[in-house]
Every structure is written in structure tokens, then in C-alpha cells.
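Under this note's numbering, the very last position in the sequence shown is 337; numbers go up by exactly one each time.
Cβ atoms here follow ideal geometry from the backbone N, Cα and C, with glycine treated the same way.
On a predicted model such as this, the values are computed, not experimentally measured, just so you know.
Below is one structure, written out as C-alpha cells; the observations come after it.
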Amino acid sequence: MPKPYGFSLSYMDMSNPITVNSIALTGHPLLEAIDVDANHADFTGSNITLRGDVWVFPFMNLYGILGYTQGTSKAKINSLSCDASSVSGLNKPLCMLLNAAGDNLPDNVMFELDMDGGTYGVGTTLAGGMGNWFALVDMNYTYTKIAAIDGNIKTFVAAPRVGHRWEYDGGRELRVFVGAMYQDVQQELSGDLKSLNLPDFLDPIIDSAPDAGFEVSQSADEKWNGIVGFQYAFNRDWDILMEAGFGQRETLFFALGRRF
């Protein structure tokens, strides 16, 4: 059995395809009539996390997470369209002009969101084994509050792993494992439309609407990916862990742990 209490400092780099469920523009009748076709985004980012844990039973570990996430979500805007039936007056001809321009957007027009913010959460690990073989399931829920815009990222992760361990003199131990990771990500974001890199022809409308904003809902494309990694204990006090995720979602994870 490991020592009951532990702290670890970890770093994760990640790349994840995202489904854009909806984009709504707000703050002006003409903006609210616009439909933004940008149904796919790519999220790239990293986080650094401090984790404190305790083994409450030989088979159950409980832990808390506190950290910081940095990331960017980029979605190519395929086209813009405007529903002229939902506006009146001068907004109708403007809507028709938007329809004409919205089908011929440059390839580099992106809907880009900065997603930096503090992260916290809780989790549990259930573990068991026979001989030198082991199996475990790690589950956690984290919440990230985005700093630059009004939004949050809610993430539930469940990761089953199986592996083999080798014990050496002096408390040294090597564990090698394979597994899979389930990740359910929900992103609800809103903010000031002026902060986004939207097509230039929308600038007069955005500038004339002091409350021009956006509301975006996003979720992960693929919830499962494969993982492989190892953990090496230098003694009963210190260990390192490295894990790589592969598939549509790619991750690279490093951690340094100390047990008491």
C-alpha cells in the first residue's frame, strides 16, 4: 500500500476537436437575425494542476484539484446568413446585403475564443489487483471559470486502466498501463462581440450596438480516446507519472508526486 496522503503537481497539453452546438449574436435586431455557420472548432490548450489526495480505503482514493487552464477555441466561419423575415425597416435591405456577402467569406475568417481560467474539481480512484497485475478507474469532475469572457467549462472524466508493476529494492516500483479515457465536455460561453475577429462588414452594426454580444454552446466531438503511460516511484515518498492520449483527442500528461 502507498502512504495514505499525497500531493502532486501536474501539467497537461491537449488538442481536442469540438462541436459547435450553437452561436447566437445578441444586442441588435439585425445581429439576432444572423445565423453563423461554424459547426466545428479545434481546441488547443494546457493546464497546470495541484492535486491533494488521501486513501480512505485500500481500494479507494479521494482527491481535490486546483489549477489553471489556458486554451483557445478556433472555429472557421463557413458562411453567414440573415433571416429578413425577422427584421423590419432599414434592417431588411441590410439583411439582404449580409446574405449576399455572407456566402463569400475568406478562408481565414475564424470565430476565436480565449479560454483561460481557474480550474477546480473533485475525484476518486477505485483500484484493485492480483499479483503484479492491477486495474483502476479514475473519475473526476472539474469546473473552469473563463476569465476573458463570461463562460465556463464543465468536464467529467472517467478513465479505466489496466497494467503490470515491477518492484525493486529501496521502495522503487515501475508501473506500465494502457486504458481509455471518457471525457464529457460542456462549454457555455458569452461575451462582447467587439472582442471577436468577425468579418469587417459587420463592424458598423456591431459599433452601433453598445450591447452587441454572443452566446456559444460547444461540446467535445469524440468522448473516448486511448491512453498509455507509466508511473515510476523512486521510493515510498516520490514518484513521477507520464501518460499520452491518442485518437481524435490527443493529450500529454506529466506529474510529480509526493506521499506522506
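Bounds of any alpha helix (DSSP H) do not take in P237; it lies within the beta strand (DSSP E) bounded by 227 to 244. The DSSP-derived three-state label of G122 is strand.
Fully contained in the region 150 to 227 are the following alpha helix (DSSP H) runs of length 4 or more, in chain order: 168 to 179.
Closest by C-alpha distance to I282, out of L175, R326, G306, A332, is L175. Counted as a single uninterrupted DSSP element, the beta strand (DSSP E) harbouring D316 occupies residues 315 to 323. Every unbroken stretch of the alpha helix (DSSP H) spanning 4 or more residues and falling wholly within the region 253 to 298 is given here in chain order: 280 to 285. Per the C-alpha coordinates, the member of D193, T126, K153, L270 positioned closest to L86 is T126. The shortest CA-to-CA distance from K300 to any of T328, F331, Q260 is the one to Q260. In the same chain as Y88, and ignoring 5 residues on each side of it, the C-beta atoms closer than 6 Å to its own belong to I125, F331, in chain order. Residues G247, G248, R249 of the same chain have their beta carbon placed closer than 7 Å to that of N312, with the five preceding and five following residues left out of the count. The region 136 to 152 makes contact with the region 188 to 202: 3 or more CB pairs, one atom from each, lie closer than 8 Å. For I100 against D298, the beta-carbon gap comes to about 16 Å, at or over 8 Å, which does not count as contact.
When DSSP states are grouped into helix, strand and coil, G334 belongs to the strand group.
With distances taken between CA atoms, S165 lies nearest to L108 out of M137, L108, A118. In this structure, D191 is the residue among S272, D191, A235, G200 with its C-alpha nearest to the C-alpha of K222. The criterion of a C-beta distance shorter than 8 Å is not satisfied by V113 and I142. Measuring C-alpha to C-alpha distances from Y220 to each of P237, H117, F233 identifies F233 as the nearest. With a cut-off of 8 Å on Cβ pairs, the region 204 to 218 is in contact with the region 235 to 246, counting three or more such pairs. Counting only the Cα atoms, L266 lies some 16 Å from G104.
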